[in-house]
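Enquirer: Got a structure here, written out as structure tokens. Questions coming.
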Amino acid sequence: MLPYPQIDPVALAIGPLKIHWYGLMYLIGIGGAWMLASRRLNRFDPTWTKEKLSDMIFWMSMGVIVGGRLGYVLFYDLSAYLANPTLIFEVWKGGMSFHGGFIGVMLAALWFGKKNGKSFFQLMDFVAPMVPIGLGAGRIGNFINAELWGKPTDLPWAMIFPPFSDPAQLPRHPSQLYQFALEGVALFVILWLFSRKPRPTMAVSGMFALFYGIFRFVVELVRVPDAQLGYLAFGWVTMGQILCIPMIIGGLFLIWLAYNRAPAAPATPAS
């Protein structure tokens with residue numbers, strides 16, 4: 001069994017002001033995406049300025065934050081937030097939904113693309129390889145918060161999370177680290193390598209949806225579901241898995257459509 005590293009969720013406290021690691025992980029994800037997008041900008045559109053790129057990253061970041069929070073409220077704990085709406089603003093305690101953030105990003109891409117002469121899938125193909133940076137950083141934030149841990153296990157890398165998080169004090173799957181490895185590292189490598197060669201429009205977006213859906217679905221098999229929801233069917237199906245099924249199906253459809261109907265897009269190599 002591996003020891004759980006005791007990390008204070010508060011990275012820095014200045015009087016009453018507290019900066020949490022969870023929030024810093026979002027800044028790391030957004031900053032990393034901006035830097036990598038800057039490297040690819042000329043190949044995406046030589047007429048775009050760094051200022052236009054910054055605008056795009058800003059609005060998509062707003063989509064992630066607002067969509068992620070509202071998605072968690074709607075998909076995972078609506079009754080609690082209706083009873084106490086001020087809880088919506090306590091984002092430092094966690095409670096962000098990837099699927100809500102994904103919807104927020106899509107809406108931002110649709111709006112920003114119309115304003116700047118780009119199609120929805122041109123923008124989504126451009127940003128998809130950079131999204132895993134934020135996903136991986138977010139899972140590290142979950143790990144530091146000692147939240148979203150897995151089922152009990154006797155595997156040698158099991159961890160016992162702090163009593164405030166897990167009163168049962170059982171050795172558990174560190175499912176946050178599984179998601180960091182799959183949704184962060186593995187998904188980044190897959191998309192970055194795939195996007196180095198010319199691909200038809202929608203192909204990169206399809207690969208993102210497909211592999212994220214598969215990775216998340218698999219990890220949910222060993223992750224404890226949110227207590228207020230529990231398992232939704234058959235004693236093992238979670239809300240996360242239900243939300244991933246449309247992503248898997250949609251990803252497969254986009255890849256098929258890209259290679260069977262869509263014209264080839266200009267190359268947007270990663271480096």
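At position 174 of the sequence shown (counting the first as 1) the number is 174 in full-length UniProt numbering, and the numbers step up by one without a gap. The beta carbon of each residue, even a glycine, is placed where N, CA and C say it ideally should be. In this text the structure is predicted, and so the values were computed from the model without any measurement.
(1) Mind pulling the alpha helix (DSSP H) runs of 4 or more residues that sit fully within the region 6-52?
(2) To the nearest angstrom, how far is the alpha carbon of Glu-51 from that of Ile-28?
(3) Pick helix, strand or coil for Ala-233, following the three-state DSSP scheme.
(4) Hey, would you say Gly-213 sits closer than 8 Å to Met-247, going by beta carbons?
(5) Can you give me the C-alpha to C-alpha distance between Ala-267 and Ala-83, rounded to a whole angstrom?
(6) In terms of DSSP beta bridges, what is Arg-172 paired with?
(7) Roughly how many whole angstroms lie between the Cα atoms of Gly-104 and Ala-158?
(8) Please look up how many angstroms separate the CB atoms of Gly-251 and Glu-183, rounded, as I've assumed it's under 8 Å.
(9) Tell me whether Ser-38 is buried or exposed, calling it buried when 16 or more other Cβ atoms sit within 10 Å of its Cβ.
(10) Do you know how far the Cα of Ser-79 is from the Cα of Arg-196?
(11) Might you give, ordered along the chain, the residues of its own chain that have their beta carbon closer than 8 Å to the beta carbon of Trp-59, omitting 5 neighbours on each side?
(12) Quick check on Val-131: buried or exposed, where buried means 16 or more other Cβ atoms within 10 Å of its Cβ?
(13) By a C-beta neighbour count over all protein chains shown, 10 Å radius and 16 as the cutoff for buried, is Ile-7 buried or exposed?
(14) In three-state DSSP terms, what is Leu-252?
(15) Excluding the five sequence neighbours on either side, which residues of its own chain have a C-beta within less than 7 Å of the C-beta of Leu-229, listed in chain order?
(16) Assuming Ala-181 and Ile-255 are in contact, meaning their beta carbons sit under 8 Å apart, how far apart are those beta carbons, in whole angstroms?
(17) Hey, Ser-97 and Tyr-81 are a contact pair by Cβ (cut 8 Å); roughly how many whole angstroms apart?
(18) Contact between the region 164-174 and the region 134-154 is defined here as three or more beta-carbon pairs at a separation below 8 Å; is this criterion met?
(19) Need the endpoints of the alpha helix (DSSP H) that Ile-140 sits in, please.
Expert: So, from the data block:
(1) For the region 6-52, the continuous alpha helix (DSSP H) assignments of 4+ residues that do not extend past its boundaries occur at 21-44, in sequence order.
(2) For the purposes of this step, residue 51 is taken as residue 51 along the sequence shown, with counting starting at 1. For the purposes of this step, residue 28 is taken as residue 28 along the sequence shown, with counting starting at 1. In a straight line, the C-alpha of Glu-51 is about 19 Å away from that of Ile-28.
(3) Reading the sequence shown from its first residue, position 233 is the one you call residue 233. In this structure, Ala-233 counts as strand in the three-state DSSP scheme.
(4) Here residue 213 is taken as the residue at index 213 of the sequence shown, counted from 1. Here residue 247 is taken as the residue at index 247 of the sequence shown, counted from 1. It is a contact, given that the beta carbons lie within the stated cut-off.
(5) Translated into positions along the sequence shown, residue 267 becomes position 267. Translated into positions along the sequence shown, residue 83 becomes position 83. Any answer about Ala-267 is weak, because its pLDDT of 47 lies below 50 and its placement is not dependable; what the coordinates show is given next. Each residue's alpha carbon lies about 50 Å from the other.
(6) The residue given as residue 172 occupies position 172 in the sequence shown. Bridge partners of Arg-172 according to DSSP: Pro-152 and Met-159.
(7) As a first step, residue 104 is located in the sequence shown; it is residue number 104 there, counting from the start. As a first step, residue 158 is located in the sequence shown; it is residue number 158 there, counting from the start. Between the alpha carbons of Gly-104 and Ala-158 lies a distance of about 35 Å.
(8) The residue labelled residue 251 in the question sits at position 251 within the sequence shown. The residue labelled residue 183 in the question sits at position 183 within the sequence shown. At roughly 14 Å, the Cβ-Cβ gap does not stay under 8 Å, so Gly-251 and Glu-183 are not in contact.
(9) For the purposes of this step, residue 38 is taken as the residue at position 38 of the sequence shown. By the 16-neighbour rule on beta-carbons within 10 angstroms, Ser-38 is exposed.
(10) Counting from one through the sequence shown, the residue named residue 196 turns up at place 196. Counting from one through the sequence shown, the residue named residue 79 turns up at place 79. If you take the alpha carbons of Arg-196 and Ser-79, they lie about 45 Å apart.
(11) Walking along the sequence shown from the start, residue 59 turns up at place 59. Hits under 8 Å: Ala-108, Trp-111 and Phe-112.
(12) Walking along the sequence shown from the start, residue 131 turns up at place 131. So Val-131 counts as buried.
(13) For this step, residue 7 is matched to residue 7 along the sequence shown. Here Ile-7 is exposed: its Cβ has fewer than 16 other Cβ atoms, across all protein chains shown, within 10 Å.
(14) Taking the first residue of the sequence shown as 1, we reach residue 252 at position 252. Helix.
(15) One-based indexing of the sequence shown puts residue 229 at position 229. Within the same chain, Leu-229 has close Cβ partners Tyr-76 and Met-239.
(16) Residue numbering aside, residue 181 sits at position 181 when the sequence shown is read from its first letter. Residue numbering aside, residue 255 sits at position 255 when the sequence shown is read from its first letter. At roughly 24 Å, the Cβ-Cβ gap does not stay under 8 Å, so Ala-181 and Ile-255 are not in contact.
(17) The residue you call residue 97 lines up with position 97 of the sequence shown. The residue you call residue 81 lines up with position 81 of the sequence shown. Your pair Ser-97 and Tyr-81 does not check out as a contact, with CB atoms roughly 12 Å apart and the cut at 8 Å.
(18) The region 164-174 vs the region 134-154: in contact.
(19) Here the question's residue 140 lines up with position 140 in the sequence shown. From DSSP, the alpha helix (DSSP H) with Ile-140 extends over 131-144.
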